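Report on the structure given below.
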Amino acid sequence: MRALIQRVCRATVRVEEQIVGQVDRGLLILLGISDTDGLSDMEYVAEKCVNLRIFEDNQGKMNRSLLDTGGQVLVVSQFTLHADTRKGRRPSFNRAAPPDIAKSMYEQFVQCLRTFGIHTETGVFGAYMQVEIHNTGPVTLMVDSEI
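Under my numbering, think of the first position of the sequence shown as -16, with each following residue one higher.
In structure tokens form, the structure reads like this:
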């Protein structure tokens, strides 16, 4: 499971020009689910996302987590995080989980974040979305359960 996380002061996701998810200070998580991911991958990535110390403390050091700051999360499904670009010019997405499995794991991931008490909003799984991101820092990290 791969989560591209970005520290944001605001993030919005729209489907057909309608806002379906929006957060203020916190994280945007672009979530890619592979064909080999299981429950342990989901729990690892969720726990890592809420506990990474990437928010600044009073001295300006990245020393506080999402849990410490009371930040929010916007989760957007992103199967393209599992693209294989080693051959040719067209990416292969063979490593991405099939949509039915990915959707179930995506929903479980969102629920897992909510069990931490994190206000969590989402995009619409499988929809064509417009994502507006206002990064701070910028701080962008990849969390991968397979590394």
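C-beta atoms are modelled at their ideal positions from N, C-alpha and C, and glycine is treated no differently. Quantities reported herein were computed from a predicted structural model and do not represent experimental measurements.
Rounded C-alpha distance that separates residue i from residue j
{"i": "Leu35", "j": "Gly54", "result": "12 Å"}
{"i": "Asp40", "j": "Gly109", "result": "37 Å"}
{"i": "Ser128", "j": "Asp18", "result": "13 Å"}
{"i": "Phe99", "j": "Phe92", "result": "11 Å"}
{"i": "Gln113", "j": "Arg72", "result": "25 Å"}
{"i": "Arg97", "j": "Tyr111", "result": "24 Å"}
Residues of its chain near residue i, where Cβ-Cβ distance is below 7 Å and the 5 sequence neighbours each way are ignored
{"i": "Gly9", "result": "Val(-9), Leu49, Gly54, Gln55 and Val56"}
{"i": "Met125", "result": "Arg(-15) and Leu(-13)"}
Nearest to residue i (by Cα), restricted to the options the options
{"i": "Leu22", "options": "Lys44, Gln94 and Leu11", "result": "Gln94"}
{"i": "Ile37", "options": "Thr52, Ala85 and Ala80", "result": "Thr52"}
{"i": "Thr63", "options": "Met112, Phe76, Gly100 and Lys86", "result": "Phe76"}
{"i": "Ala80", "options": "Arg72, Gly71, Lys70 and Ala66", "result": "Ala66"}
{"i": "Ala85", "options": "Asn118, Val6 and Asp24", "result": "Asp24"}
CB of residue i within 8 Å of CB of residue j, strictly
{"i": "Val3", "j": "Gly106", "result": "yes"}
{"i": "Leu14", "j": "Tyr89", "result": "yes"}
{"i": "Val6", "j": "Glu115", "result": "no"}
Legend entry - Completely contained beta strand (DSSP E) runs for the segment 61 to 110, where each covers 3 or more residues: 102 to 105
Inset, instruction - Would you mind listing the alpha helix (DSSP H) stretches within the segment -8 to 73 that are 4+ residues and don't spill past its ends, in chain order? - result: Taking only runs of at least 4 residues, the alpha helix (DSSP H) segments lying wholly in the segment -8 to 73 are 22 to 34 and 49 to 52.
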